[in-house]
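Let me begin by presenting the structure, written as structure tokens, before commenting on it.
Numbering (mature numbering (1 follows the signal peptide of the UniProt record, and there is no 0)), first residue to last: -22 to -1, 1 to 425.
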């Protein structure tokens, strides 16, 4: 009987070889990552554990901006790189791209490490950065620097408005941020102009304005105050050949150590991640508890003076140290990239030999967050993620590998999946991964 079935199988293979070969050799789970390209940056100057022991470790290449043109199956994708100075020592908001995908902007938080013996180099050897670089992406396989503009020391974040005409940069208080927390830089005809430094309303002296994020449709910035654990909003207006910030509605109190803000695609809500780091945490961050997300509804009502009232409407728990935050283009999913304790030195008993992602659903109408679960995987210090244009797939940066024989970092691909008999979504890591320079930490999708 077995021989008869085998003969029938061989006969079918002989009669329909094209079908049989396709079924045997071209099977692949779905992965159709939609968009024009992914843009990420890598800091080659330090290993992840330098955050804890200060030792920079061996260098792997040079700081880089990587462009991954999309439109093919993930197994056929590759990264095209150019050297651009950047640093992981800040929120994963060090790169942004114009809405037309033509130009990328990268801020340099710390400059490249000096030459010397890596075995004696420490984090304290790094000089504060003071520039923003413009990269032309018109040919994504040949990204090229077109401008490097000097700005104040230690920029923390960069964001550009929807029109592609005005760049917002924030500065750390230990750099220029005490007196100059925010720069607004005009951008026209492929060139950055003269920066303006408007007064930031409701920001106490010395507080860290860790991120300023443009609203998707209005001339409004979300301003994240790390020290006070609050988000305020300001309208950007032209004034005397420069710019001014006018308060727009109330300040919203959130949770401990907020890191970055992202607006939902329709601009109705803003989502903020909270890391629960601080001087009252062992090691400042190395023994932090689980973090959180909060959702703020804009213009939820009107205040007595007629200004908009913004409201905190939802919160949900994440994994430990959720540095990265991504919202799907359809506004229905939110993912955080959680460092856990993957970045600790290998001989530190507290190390977690994994990182994780937290998946949540988001109600676009109410702003309610619903935590689905955490998804652990083998990776180090994932600081950023980006959904594809279909909202069904996710790219995640992997800073480094636990196996030191594997060089570089990577961009790894995940999918949103459901059991046909149970429609609740889940995250599934695929086997597709694209090598990039070690130290990948910030990333955006050009849809």
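Don't be surprised by glycine CBs; every beta carbon is placed ideally from N, CA and C.
According to DSSP, what are the bridge partners of residue i?
i: residue 148; result: 135 and 160
i: residue 84; result: 73 and 111
i: residue 393; result: 371 and 406
i: residue 231; result: 208
i: residue 165; result: 170
i: residue 225; result: 212
i: residue 220; result: 217
i: residue 378; result: 358
i: residue 20; result: 42 and 418
i: residue 15; result: 47 and 424
i: residue 141; result: Bridge partners of residue 141: none, in fact.
i: residue 387; result: 414
i: residue 98; result: Paired residue(s): none; residue 98 is not in a bridge.
i: residue 60; result: 43
i: residue 187; result: 203
i: residue 122; result: 114
i: residue 128; result: 109
i: residue 33; result: 100
i: residue 66; result: Beta-bridge pairing links residue 66 to no other residue.
i: residue 25; result: Answer is none; residue 25 lacks a bridge partner.
i: residue 178; result: Answer is none; residue 178 lacks a bridge partner.
Return yes when the Cβ of residue j is within less than 8 Å of the Cβ of residue i, no when it is not.
i: residue 135; j: residue 68; result: yes
i: residue 10; j: residue 90; result: no
i: residue 215; j: residue 224; result: yes
i: residue 346; j: residue 292; result: yes
i: residue 72; j: residue 19; result: yes
i: residue 146; j: residue 131; result: no
i: residue 297; j: residue 340; result: no
i: residue 360; j: residue 302; result: yes
i: residue 96; j: residue 35; result: yes
i: residue 405; j: residue 335; result: yes
i: residue 107; j: residue 126; result: no
i: residue 421; j: residue 17; result: yes
i: residue 304; j: residue 13; result: no
i: residue 70; j: residue 362; result: yes
i: residue 232; j: residue 252; result: yes
i: residue 162; j: residue 83; result: no
i: residue 158; j: residue 149; result: yes
i: residue 235; j: residue 256; result: yes
i: residue 151; j: residue 186; result: yes
i: residue 307; j: residue 369; result: yes
i: residue 156; j: residue 128; result: no
i: residue 76; j: residue 142; result: yes
i: residue 15; j: residue 48; result: yes
i: residue 170; j: residue 110; result: yes
i: residue 387; j: residue 375; result: yes
What's the C-alpha gap between residue i and residue j?
i: residue 349; j: residue 44; result: 32 Å
i: residue 113; j: residue 401; result: 42 Å
i: residue 26; j: residue 311; result: 28 Å
i: residue 314; j: residue 218; result: 41 Å
i: residue 283; j: residue 228; result: 11 Å
i: residue 279; j: residue 63; result: 44 Å
i: residue 6; j: residue 373; result: 18 Å
i: residue -10; j: residue 393; result: In this predicted model, residue -10 has a pLDDT of only 41, less than 50, meaning its place in the structure is not dependable enough to derive any value.
i: residue 191; j: residue 396; result: 33 Å
i: residue 276; j: residue 364; result: 23 Å
i: residue 337; j: residue 94; result: 43 Å
i: residue 118; j: residue 46; result: 7 Å
i: residue 242; j: residue 137; result: 15 Å
i: residue 444; j: residue 65; result: No information on residue 444 is available, as it lies outside the stretch -22 to 425 that the chain covers here.
i: residue 239; j: residue 409; result: 30 Å
i: residue 116; j: residue 244; result: 27 Å
i: residue 264; j: residue 317; result: 10 Å
i: residue 212; j: residue 327; result: 45 Å
i: residue 411; j: residue 249; result: 28 Å
i: residue 352; j: residue 21; result: 27 Å
i: residue 53; j: residue 271; result: 33 Å
Heavy atom of the ligand NAD less than 7 Å from the Cβ of residue i, yes or no?
i: residue 69; result: This structure lacks the ligand NAD; in fact it carries no ligand of any kind.
- Indicate whether the contact test is met: 3 or more Cβ pairs, each with one atom in the region 168 to 180 and one in the region 191 to 198, closer than 8 Å. They do not touch, by the three-pair rule.
- Item | At least three beta-carbon pairs within less than 8 Å, the region 27 to 46 to the region 313 to 324 | Inter-segment contact for the region 27 to 46 and the region 313 to 324 is present: three or more beta-carbon pairs are separated by less than 8 Å.
- Message: Which complete beta strand (DSSP E) runs does the region 236 to 313 hold, if anything under 3 residues is left out?
- Response: DSSP runs (the beta strand (DSSP E)) wholly in the region 236 to 313: 236 to 241, 247 to 252, 268 to 280, 286 to 298 and 300 to 305.
- Task: Return the chain-ordered ranges of every beta strand (DSSP E) run that is complete within the region 305 to 375 and spans a minimum of 3 residues.
- Result: Positions of the beta strand (DSSP E) runs, each at least 3 residues long and wholly inside the region 305 to 375, are given as 311 to 316, 333 to 340, 347 to 355 and 363 to 365 in order along the chain.
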